[in-house]
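Student: Its first residue numbered 5, the sequence shown is counted upward by one per residue in this note's numbering. Every residue gets a Cβ at the ideal spot worked out from N, C-alpha and C, and that includes glycine. Questions regarding the structure given below will be posed in turn.
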Amino acid sequence: MSNRDSVLLPPDSDAALFTRYQAAPTGETFRLLAGRHLPLIWSTARRLVNGDAALAEDVSQIVLTDFARKAPQLPPGTVAAGWLHRHTCFTARKMVRTEIRRRAREHSAAELHRDIDQDPAMPSAAAAPPDSAWSEAAPFLDAALDQLSKSDREALLLRFYQRQDHRSVGAVLGYSEEAARKRIARALEKLRTLFRRRGIVLTAALLAQFLTDHASAAVPVGPAATLPGAAWRQATAAGPLSAARPLISLIRRFSLPAAAVVLI
């Protein structure tokens with residue numbers, strides 16, 4: 005049984021950084037937190053907007069801005085990667101619908117379909133990368149993850165999108181290292197079943213390799229440098245953010261001395 009609150013995590017872990025931000029939302033902490041999660045956000049957005057880098061950047065800034073504002077109010081035990089993935093999916097789909105409506109106002113339906121098919125920023129199957137099985141599966145990855153249970157989804161996000169080892173995944177979710185390993189294996193099998201229902205047949209080993217190689221890609225230098233700061237400025241434009249929980253709550257879960265908490 006999961007018991008997150010009883011598990012001590014390293015003070016430099018993603019989860020500790022997230023809790024520190026919830027307790028004392030500062031620009032410095034947010035930029036660190038955003039930098040660690042931006043590859044997850046960017047890669048998810050890029051897949052969902054069919055490779056359009058400009059739209060992916062817009063989605064990423066919206067998600068980061070919302071995260072800066074809302075993170076202090078999220079309940080204890082929230083896994084940042086899980087919240088960010090779901091919010092990225094929601095934001096990207098909303099933006100795609102808006103973009104389609106915008107194009108529809110400017111073009112006839114036939115022209116719209118032709119534009120989407122031919123736009124070089126939205127690759128067609130002919131422009132697919134060499135991993136043909138991955139290119140077939142990638143458009144459905146994030147929707148398939150959304151169909152998993154919260155605990156299964158968070159385990160896969162931490163393992164493959166955030167590139168954490170089994171011990172770290174277990175620490176965040178309140179499991180032992182071995183229990184986390186088994187959880188991830190079961191979640192991979194469930195994800196593989198969802199792909200199979202779409203006619204995409206992958207072995208568990210191949211799916212794990214694809215996720216390791218492709219699920220979370222490096223963010224281009226420009227967006228990586230500018231998005232966290234831009235999101236923070238937008239989030240705090242109306243005034244400073246307030247913490248939802250007292251600083252002393254950090255001591256309860258993370259291996260921080262009381263003096264260190266006071267200095268955060």
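Reducing DSSP to helix, strand and coil, say where ALA28 ends up.
Tutor: Residue state, collapsed to three classes: coil.
Student: Within a Cβ cutoff of 6 Å, which residues of the same chain sit near PRO43, ignoring the five residues on either side of it in sequence?
Tutor: Taken in chain order, the residues that qualify are SER220 and VAL223.
Student: Take every Cβ of the segment 11-29, pair it with every Cβ of the segment 201-216, and state whether three or more of those distances are shorter than 8 Å.
Tutor: Contact fails: fewer than three Cβ-Cβ distances are below 8 Å.
Student: For GLU158, count neighbouring C-beta atoms within 10 Å of its own C-beta (all shown protein chains included) and say buried if the count is 16 or more, exposed if not.
Tutor: Under this definition GLU158 is a buried residue.
Student: How should GLY174 be labelled, buried or exposed, when 16 other C-beta atoms within 10 angstroms of its C-beta is the threshold for buried?
Tutor: By the 10 Å Cβ count, GLY174 comes out buried.
Student: What is the DSSP secondary structure of ILE204, counted as helix, strand or coil?
Tutor: In the structure shown, ILE204 sits in coil (DSSP, three-state: anything other than H, G, I, E or B).
Student: Closest to GLY39 by CA distance: which of GLY243, ALA234 and ALA242 is it?
Tutor: Among GLY243, ALA234 and ALA242, the Cα nearest to that of GLY39 belongs to ALA234.
Student: Please give the ranges of any alpha helix (DSSP H) in the segment 36-69, keeping only runs that are unbroken, at least 4 residues long and fully inside the region.
Tutor: DSSP runs (the alpha helix (DSSP H)) wholly in the segment 36-69: none.
Student: If you run the structure through DSSP and keep just helix, strand and coil, what is PRO124?
Tutor: The pLDDT assigned to PRO124 is 39, lower than 50, so where the model puts this residue is not dependable; a value taken from the coordinates is nonetheless given after this. Residue state, collapsed to three classes: coil.
Student: Give the range of the alpha helix (DSSP H) segment to which ARG107 is assigned.
Tutor: First-last of the alpha helix (DSSP H) with ARG107: 84-110.
Student: Which residue wins for smallest C-alpha separation from PHE22, given the options ALA142, ARG190 and ALA72?
Tutor: It is ALA72.
Student: Taking C-beta to C-beta, are CYS93 and LEU37 nearer than 8 Å?
Tutor: Cβ atoms of CYS93 and LEU37: not closer than 8 Å.
Student: Short of 7 Å in beta carbon distance, which residues of its chain neighbour GLN65, apart from the five on each side in sequence? Order them along the chain.
Tutor: Same-chain partners within the cutoff: LEU231, ALA234 and ALA235.
Student: Can you tell me which of the three DSSP states ALA219 falls into?
Tutor: Of the three classes helix, strand and coil, the one that applies to ALA219 here is coil, per DSSP.
Student: Going by alpha carbons, who is nearest to GLN238 out of TYR25, GLY31, ALA19 and ALA20?
Tutor: Nearest C-alpha to GLN238: GLY31.
Student: Is ALA184 closer than 8 Å to LEU195 when the C-beta atoms are compared?
Tutor: For LEU195 and ALA184, no; Cβs fall outside 8 Å.
Student: Can you tell which of ARG50, ALA209 and ASP150 has its C-alpha closest to the C-alpha of LEU198?
Tutor: The candidate whose alpha carbon is nearest that of LEU198 is ASP150.
Student: Between which two residues does the alpha helix (DSSP H) harbouring ASP150 extend?
Tutor: 136-151 is the extent of the alpha helix (DSSP H) around ASP150.
Student: Applying the criterion that 16 or more other CB atoms from any shown protein chain within 10 Å of the CB defines a buried residue, is ALA188 buried or exposed?
Tutor: According to the sequence provided, residue 188 is Ile. The question's Ala does not apply to it. When all chains shown are included, ILE188 counts as buried.
Student: Can you tell me where the alpha helix (DSSP H) holding PRO227 begins and where it ends?
Tutor: 225-239 is the span of the alpha helix (DSSP H), which, as asked, contains PRO227.
Student: Given a threshold of 16 other Cβ atoms within 10 Å of its Cβ, counted over all protein chains shown, does ARG105 qualify as buried or as exposed?
Tutor: ARG105 is exposed by the Cβ-count criterion.
Student: Specify the secondary structure class of GLN213 as computed by DSSP and reduced to three states.
Tutor: Looking at GLN213 - three-state DSSP - the assignment turns out to be helix.
Student: In this structure, does DSSP put ARG73 in helix, strand or coil?
Tutor: The answer is helix: DSSP assigns ARG73 an H, G or I state.
Student: Would you tell me roughly how many angstroms separate the C-alpha atoms of GLU182 and HIS89, rounded to the nearest one?
Tutor: One C-alpha to the other measures close to 25 Å.
Student: Does SER17 come out as helix, strand or coil in the three-state DSSP assignment?
Tutor: Residue state, collapsed to three classes: coil.
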